[in-house]
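Undergrad: Numbering follows the working numbering, in which position 61 of the sequence shown is assigned residue number 169; successive positions increment by one, without gaps. We treat Cβ as the ideally placed atom computed from N, Cα and C, and that holds for glycine. Quick caveat, the model's predicted, so the values are computed rather than measured. Sharing a structure with you now.
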Amino acid sequence: MTGAWPKIRPVGLTGLLVSFADTLSEPANRAALAFRAAVEAEAWPDVLESSCTLASCFIRFDPVETDPEPLEARLADLLAARDWYAAPFPAGRRLWRIPCVFGGDLAPQLGDAAEAAGMSPAQAIESLSTARTRVLTLGFAPGMPYLGTLPPAWDLPRQTELTPRVPVGALVLAIRQFVLFATTAPTGWRHVGQTAFTGYRPGTDRPFALRAGDEVMFPAIPAEDYAACEADPSGLGGATWEVLE
């Protein structure tokens, strides 16, 4: 990283943004995750909320009750306390395995993506179903994770036209990332896989099933097994998880 990073900037009247780079990288995402966990551990009463983007940590405060200058000074001191780019990941992360049907009627753009990556459909399924990705951030819709990074062959641009609709549980791909849709929506990303996973479950004790820093794999299953995943009463589509050390 250059000497310009990390930096602290105001966001409107109610927030401070601690950025570790101006673009996604593994060290910057690691730093954002670790720094947010450290802020949460401090339990400062003037911090109302924190969240992570791909390479930043957002801190929200009440501008009526809080002078941002002392808060910014504390954040600067915390930044100086260690090398956040080499910090360990926060405790409590999970490794998820979410069954996924790649290609076919359920995920019709796998072939297009495979061709763009210079692979056969079978090679694409092998590559995508064995990739171990990290939840880089949640965004666009509640509980919707951006996952990466995939091997360099999957550095594909978004489509030039929108797909009018993909369903909940759609696994879409672009720019070396997956997005696992938590809601029905249009997208410019390629629909390469379909899960029965529900990422947003309001009213439960964990409404966002995935959290930033979790790791996820999408083992391939045949289309005839998809109905059994849909019948999973937990709404997790047959997914399993384990706590990472």
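For the pair the region 219 to 234 and the region 243 to 251, tell me if three or more CB-CB distances fall below 8 Å.
TA: Contact fails: fewer than three Cβ-Cβ distances are below 8 Å.
Undergrad: Ends of the alpha helix (DSSP H) at E177?
TA: Taken as a continuous stretch (DSSP letters only), the alpha helix (DSSP H) holding E177 covers 176 to 188.
Undergrad: Report yes if the CB atom of Y254 is closer than 9 Å to the CB atom of V287, and no otherwise.
TA: It is a contact, given that the beta carbons lie within the stated cut-off.
Undergrad: Which of the three DSSP states, helix, strand or coil, is assigned to R242?
TA: Here R242 sits in strand by DSSP.
Undergrad: Taking R144 as part of the alpha helix (DSSP H), name the residues at either end of that continuous run.
TA: 134 to 150 is the extent of the alpha helix (DSSP H) around R144.
Undergrad: With three or more beta-carbon pairs closer than 8 Å as the criterion, would you say the region 304 to 318 touches the region 224 to 238?
TA: With a cut-off of 8 Å, the region 224 to 238 and the region 304 to 318 do not count as touching, because too few Cβ pairs lie within range.
Undergrad: Which class does E173 belong to by DSSP, given the choice of helix, strand or coil?
TA: In the structure shown, E173 sits in coil (DSSP, three-state: anything other than H, G, I, E or B).
Undergrad: Taking C-beta to C-beta, are E134 and D154 nearer than 9 Å?
TA: In this structure, D154 does not lie closer than 9 Å to E134 by Cβ.
Undergrad: So if DSSP puts E234 in a beta bridge, which residue, or which two residues, is it bridged to?
TA: Note: E234 sits in no beta bridge, so no partner.
Undergrad: Could you tell me the boundaries of the alpha helix (DSSP H) in which Y308 lies?
TA: Careful: Y308 lies outside any alpha helix (DSSP H) and carries neither H nor E.
Undergrad: Counting along the chain, where does the alpha helix (DSSP H) carrying G219 start and finish?
TA: First-last of the alpha helix (DSSP H) with G219: 218 to 224.
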